[in-house]
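Student: Chains A and B, in that order, give the protein sequences. Using UniProt numbering, the first residue of the first sequence is number 1, and each one after it goes up by one. Using UniProt numbering, the first residue of the second sequence is number 1, and each one after it goes up by one. Ideal Cβ placement from N, Cα and C applies to all residues, glycine included. Just so it is clear, the structure is predicted and the values come from calculations on it, not from any experiment. After the structure tokens below, expect a handful of questions from me.
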Amino acid sequence: MTVSSREKILSGIRRGLKRGPLEGSARDAVEARLADLKRNLIPARGQLDRAGQLRLFREMAEMLDATVEIVDGPDAVPAAVDGFLGRHNLPKTLRMAPHETLEALPWAEKAPLLELNRGAARVEDQAGLGMAFAGVAETGTLVFLSGGNSPATVNFLPDNHVAVLRASDIAGAYEEVWTRIRADREPGTLPRTVNLISGPSRTADIEQMLIKGAHGPRRLHIIIVPDDEAA
Amino acid sequence: MQTTSHAFKDNARKAMADVDLRTALKRVETGFTTARRKAADRLPEFEDLRDAGRDIKNHVLENLDFYLERFEERVIAQGGKVHWCSTPREARETILKLCRSVDARTATKGKSMIAEEIALNPFLEANGIEPIETDLGEYIIQLADEPPSHIIGPAVHKTKDQVSDLFLEHHWKYGRTERQTDPQALVNEAREILRQKYVDADVGITGANFLVAETGSTIIVTNEGNGDLTQMLPKMHIVIASLEKIVPTLDDMATIMRVLARSATGQEMSVYTTLSTGTRREGDLDGPEEFHVVLLDNGRSEMVGTELQELLRCIRCGACMNHCPVYHTVGGHAYGWVYPGPIGAALDPHFLGIEEARHLPSASTFCGKCEEVCPMRIPLPRIMRYWREQAFERRVGPPLERAGIRFWAFFARRPALYRLATRLAIRVLRRLAGRRGVLTALPFAGGWTDGRDLPAPEGRTFQELWKSGRRSP
Numbered sequence: 001m002t003v004s005s006r007e008k009i010l011s012g013i014r015r016g017l018k019r020g021p022l023e024g025s026a027r028d029a030v031e032a033r034l035a036d037l038k039r040n041l042i043p044a045r046g047q048l049d050r051a052g053q054l055r056l057f058r059e060m061a062e063m064l065d066a067t068v069e070i071v072d073g074p075d076a077v078p079a080a081v082d083g084f085l086g087r088h089n090l091p092k093t094l095r096m097a098p099h100e101t102l103e104a105l106p107w108a109e110k111a112p113l114l115e116l117n118r119g120a121a122r123v124e125d126q127a128g129l130g131m132a133f134a135g136v137a138e139t140g141t142l143v144f145l146s147g148g149n150s151p152a153t154v155n156f157l158p159d160n161h162v163a164v165l166r167a168s169d170i171a172g173a174y175e176e177v178w179t180r181i182r183a184d185r186e187p188g189t190l191p192r193t194v195n196l197i198s199g200p201s202r203t204a205d206i207e208q209m210l211i212k213g214a215h216g217p218r219r220l221h222i223i224i225v226p227d228d229e230a231a
Numbered sequence: 001m002q003t004t005s006h007a008f009k010d011n012a013r014k015a016m017a018d019v020d021l022r023t024a025l026k027r028v029e030t031g032f033t034t035a036r037r038k039a040a041d042r043l044p045e046f047e048d049l050r051d052a053g054r055d056i057k058n059h060v061l062e063n064l065d066f067y068l069e070r071f072e073e074r075v076i077a078q079g080g081k082v083h084w085c086s087t088p089r090e091a092r093e094t095i096l097k098l099c100r101s102v103d104a105r106t107a108t109k110g111k112s113m114i115a116e117e118i119a120l121n122p123f124l125e126a127n128g129i130e131p132i133e134t135d136l137g138e139y140i141i142q143l144a145d146e147p148p149s150h151i152i153g154p155a156v157h158k159t160k161d162q163v164s165d166l167f168l169e170h171h172w173k174y175g176r177t178e179r180q181t182d183p184q185a186l187v188n189e190a191r192e193i194l195r196q197k198y199v200d201a202d203v204g205i206t207g208a209n210f211l212v213a214e215t216g217s218t219i220i221v222t223n224e225g226n227g228d229l230t231q232m233l234p235k236m237h238i239v240i241a242s243l244e245k246i247v248p249t250l251d252d253m254a255t256i257m258r259v260l261a262r263s264a265t266g267q268e269m270s271v272y273t274t275l276s277t278g279t280r281r282e283g284d285l286d287g288p289e290e291f292h293v294v295l296l297d298n299g300r301s302e303m304v305g306t307e308l309q310e311l312l313r314c315i316r317c318g319a320c321m322n323h324c325p326v327y328h329t330v331g332g333h334a335y336g337w338v339y340p341g342p343i344g345a346a347l348d349p350h351f352l353g354i355e356e357a358r359h360l361p362s363a364s365t366f367c368g369k370c371e372e373v374c375p376m377r378i379p380l381p382r383i384m385r386y387w388r389e390q391a392f393e394r395r396v397g398p399p400l401e402r403a404g405i406r407f408w409a410f411f412a413r414r415p416a417l418y419r420l421a422t423r424l425a426i427r428v429l430r431r432l433a434g435r436r437g438v439l440t441a442l443p444f445a446g447g448w449t450d451g452r453d454l455p456a457p458e459g460r461t462f463q464e465l466w467k468s469g470r471r472s473p
């Protein structure tokens with residue numbers, strides 16, 4: 001059934017294009033375009049210097065109702081997470097992505113009362129902590145790659161999403177993030193899920209009124225760890 | 001979806017008498033258009049990005065077969081499967097078979113216009129699988145048992161009061177016996193009820209805004225996060241997408257993404273943009289075990305190489321309807337099928353036949369606003385004109401209407417006669433109008449004069465004025 005539909009669809013397209021399957025130099029040209037991974041026009045806003053990118057990232061994320069906190073260093077992250085939970089009267093329980101960077105933080109020392117649960121998120125979790133792969137200054141967007149150290153559910157199920165982001169991982173534009181993702185992988189592959197997240201969940205489906213917390217997190221808190229000269 | 005496009009005139013008349021609808025449409029007219037304008041103004045490169053997006057899509061369409069095959073290759077390499085479906089029926093049956101293979105009882109659904117196009121929900125229901133819409137707008141209209149009236153805001157026609165009533169009626173069974181009127185409370189109620197449904201569902205079905213040939217990824221763009229919960233919790237993720245959604249690379253996707261949300265809602269970027277590639281990997285802590293892409297043609301391959309090819313650039317942002325004076329007046333349901341507004345007027349005749357949809361390409365003032373705002377620069381008025389010609393040539397429509405067009409064409413082809421006739425006509429009309437200067441009734445023009453007076457022409461014809469050297473009134 002599907003084999004014949006496949007042929008039918010492909011031959012229909014070729015009939016419309018008045019040619020057979022792509023061959024010879026025409027095929028080489030398309031293959032070359034695909035292999036080049038050439039970037040298209042990138043807005044000037046996405047091409048600032050490092051300090052400018054950090055500033056723009058923060059400005060854009062806050063415009064989207066995310067909250068942004070720049071801490072002194074990695075050791076200050078546990079207290080920042082603890083403080084966030086306290087500010088919102090949340091239980092001192094956290095669903096944490098078992099990411100090596102997060103595991104290496106001094107939790108027991110700096111936030112001894114915090115209960116950390118590792119693994120995929122569950123419906124009853126109220127707060128999740130994830131490690132962002134990158135930030136995109138252009139729109140204040142966070143990027144997460146799913147994997148054994150980064151379950152995608154942590155970014156979506158809990159009402160409160162806390163993300164740790166290294167300042168040096170803030171890129172100007174999406175294209176820089178693609179380049180970074182491609183660098184460590186077999187060509188043509190991606191993790192199961194790549195999440196680009198810009199602010200907390202929202203909807204405007206009732207009389208176009210903007211309401212936060214539709215299905216994803218109601219709050220998004222971004223903790224930026226300065227690790228280069230820009231911050 | 002059952003079509004009522006043939007009844008456009010009646011649909012439109014009813015819509016214009018609906019007070020709630022008028023209020024809702026006013027919000028579309030002011031809200032969406034202002035937001036788009038501001039978003040476009042904030043990005044100096046916006047117009048150049050539109051050109052770049054158009055060029056990418058044109059390149060794809062010239063090599064569509066190649067990119068689709070490459071996409072399939074990449075999906076398979078990462079544990080997924082592509083199901084090529086020529087017809088809506090084949091797509092429905094493929095999805096049912098997949099659902100049955102995991103003994104599914106419920107399927108959660110992210111927003112998908114293609115699911116509407118193939119009328120998936122009634123089919124699943126009839127076969128014992130409960131589809132649960134999770135996008136708030138789609139959820140509302142599912143409760144109301146109505147089709148969407150806008151491609152990105154399916155429930156834009158609903159008032160808050162109507163939503164309150166619907167929730168009370170349908171959430172009673174969950175012990176929600178209080179009628180909520182605060183919008184935040186309504187959103188919370190839907191959120192809480194749907195939360196468990198995500199977990200319980202055996203299959204999650206989403207649409208796709210893009211398919212990426214480079215990586216075999218399907219991409220959804222949402223604000224609520226429902227599409228993500230839909231696809232990450234059940235063991236099977238089915239993506240239903242039409243074949244023109246393909247782009248070559250992630251970089252190409254990024255370019256078009258920059259104009260998508262700005263054109264649609266005026267956001268710089270939607271809240272969640274999610275790239276889904278294959279199945280969960282070894283060591284992953286969550287994600288679906290099965291990944292299926294149902295790739296629908298439904299006559300699109302026949303559009304390649306024709307006057308309609310440019311329609312395949314459409315990214316379903318809704319900007320054309322947001323800016324359309326006809327849509328502002330009659331709303332989405334009047335169009336009678338899945339795609340309303342200018343894109344519907346250009347697209348629906350292809351899917352439904354010009355006999356069924358003949359009114360739609362005529363439901364336009366040709367103001368050109370749709371083409372002006374279309375991020376993919378689709379010449380929508382030109383395509384509507386093409387359908388009008390088709391309707392005339394194929395002898396669709398009442399004889400009197402076609403006789404009228406022939407009558408006009410007779411003069412239009414004879415410029416001297418045309419000028420003489422118009423000179424005479426305006427003088428006759430002015431005489432008929434008398435001192436009041438307006439006509440309250442005119443043979444063959446009841447469609448106009450029944451609802452309003454026709455102002456009588458003043459002075460002379462444009463040509464006469466031009467010749468006399470009077471260049472302004």
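Just to make sure I have the definition right: I need the residues of chain A whose C-beta is within less than 9 Å of the C-beta of L275(B). Which are they?
Tutor: L190, P191, T193, V194, N195, L196
Student: Write down the C-beta distance between V102(B) and V203(B) rounded to the nearest angstrom, noting that I regard them as a contact closer than 8 Å.
Tutor: Indeed, because the Cβ distance is near 6 Å, the residues count as touching under 8 Å.
Student: Beta strand (DSSP E) containing F444(B): first to last residue?
Tutor: Counting along the chain, F444(B) falls outside any beta strand (DSSP E), and DSSP gives it neither H nor E.
Student: For Y272(B), list the residues DSSP reports as bridge partners.
Tutor: I197(A), T222(B)
Student: Using a Cβ-Cβ distance under 7 Å, would G40(A) count as near chain B?
Tutor: Note on identity: in this sequence residue 40(A) is Asn, with Gly being the wrong assignment. Output row for N40(A): interface = yes.
Student: If you reduce the DSSP assignment to three classes, tell me which class G128(A) lands in.
Tutor: strand
Student: Grouping DSSP H, G and I as helix and E and B as strand, with all else coil, what is C99(B)?
Tutor: helix
Student: For E125(B), name the three-state secondary structure that DSSP assigns.
Tutor: helix
Student: Between the stretch 149-160 of chain B and chain A, which residues of the former have CB atoms less than 9 Å from a CB of the latter, in chain order?
Tutor: G153, P154, A155, V156, K158, T159, K160
Student: Check for me: the beta strand (DSSP E) holding V156(B) runs from which residue to which?
Tutor: From DSSP, V156(B) is part of no beta strand (DSSP E); its letter is neither H nor E.
Student: Below 8 Å on the Cβ atoms is my guess for residue 499(B) versus I129(B); work out the distance and round it to an integer in Å.
Tutor: In this structure chain B extends from 1 to 473, so residue 499(B) is not present and cannot be described.
Student: May I ask you to list the residues that DSSP assigns as paired with M63(A)?
Tutor: DSSP, once it has assigned bridges, lists no residue as partnering M63(A).
Student: Listing by chain order, which chain A residues have their CB less than 9 Å from the CB of L194(B)?
Tutor: H215
Student: What residues in the stretch 203-228 of chain B bring their beta carbon closer than 8 Å to a beta carbon of chain A?
Tutor: The residues in question are A213, E214, T215, G216, S217, N223, E224, G225, N226, D228.
Student: Please tell me whether T274(B) and I220(B) are closer than 7 Å, where the distance is taken between their beta carbons.
Tutor: yes
Student: Name the two residues that bound the continuous alpha helix (DSSP H) containing I205(B).
Tutor: Not the alpha helix (DSSP H): I205(B) falls in the beta strand (DSSP E), residues 203-206.
Student: Fully enclosed by the stretch 159-193 of chain B, which alpha helix (DSSP H) runs are 4 residues long or longer?
Tutor: 160-171
Student: Report yes if the C-beta distance between M321(B) and G341(B) is below 7 Å; otherwise report no.
Tutor: yes
Student: Who are the near neighbours of T128(A) in its chain, counting only those whose CB is closer than 6 Å to its CB and skipping five residues on each side?
Tutor: In the sequence on display, residue 128(A) carries Gly and not Thr. Once the five neighbours on either side are set aside, the close Cβ partners of G128(A) are R95, A121, V154, P158, H161.
Student: In whole angstroms, what separates the C-alpha of D49(A) from that of A132(A)?
Tutor: 21 Å
Student: Would you call W448(B) buried or exposed, if buried means 16 or more other Cβ atoms sit within 10 Å of its Cβ?
Tutor: Within a 10 Å sphere around the beta-carbon of W448(B) sit fewer than 16 other beta-carbons, which makes this residue exposed.
Student: Quick one, are the C-beta atoms of A91(B) and L296(B) less than 7 Å apart?
Tutor: yes
Student: Would you please verify whether the beta carbon of V304(B) is less than 7 Å from any beta carbon of chain A?
Tutor: yes
Student: Mind checking if G332(B) is an interface residue toward chain A, Cβ cutoff 7 Å exclusive?
Tutor: no
Student: Which residue's Cα is closest to the Cα of Y386(B): F366(B), P361(B), T365(B), K369(B)?
Tutor: P361(B)
Student: Rounded to the nearest angstrom, what separates H171(B) and Q126(A) at their Cα positions?
Tutor: 24 Å
Student: So T279(B) contacts chain A; which residues on that side make the cut at Cβ distance below 9 Å?
Tutor: Chain A residues near T279(B): R192.
Student: Nearest-angstrom Cα distance between A204(A) and L186(B)?
Tutor: Between the alpha carbons of A204(A) and L186(B) lies a gap of roughly 12 Å.
Student: Nearest-angstrom Cα distance between G20(A) and A26(A)?
Tutor: 11 Å
Student: How many Å lie between A391(B) and M236(B) at the Cα?
Tutor: 45 Å
Student: Considering just the uninterrupted stretch of the alpha helix (DSSP H) at G344(B), what are its terminal residues?
Tutor: 341-352
Student: With DSSP as the reference, please indicate the residues paired to T108(B) in a beta bridge.
Tutor: T108(B) is bridged to I132(B), G204(B).
Student: For W107(A) and chain B, any beta-carbon pair shorter than 7 Å?
Tutor: no
Student: Buried or exposed for M1(A), please, with buried defined as at least 16 other CB atoms from any protein chain shown within 10 angstroms of its CB.
Tutor: In this predicted model, M1(A) has a pLDDT of only 49, less than 50, meaning its place in the structure is not dependable; the value taken from the coordinates is given anyway. Per the 10 Å Cβ criterion, exposed.
Student: In angstroms with no decimal places, state the Cα-to-Cα distance between residue 538(B) and T134(B).
Tutor: Since the first residue of chain B shown is 1 and the last is 473, residue 538(B) is not available in this structure.
Student: For the stretch 33-41 of chain B against the stretch 349-359 of chain B, do three or more pairs of beta-carbon atoms, one drawn from each stretch, fall closer than 8 Å, so that the two count as touching?
Tutor: The stretch 33-41 of chain B is not in contact with the stretch 349-359 of chain B.
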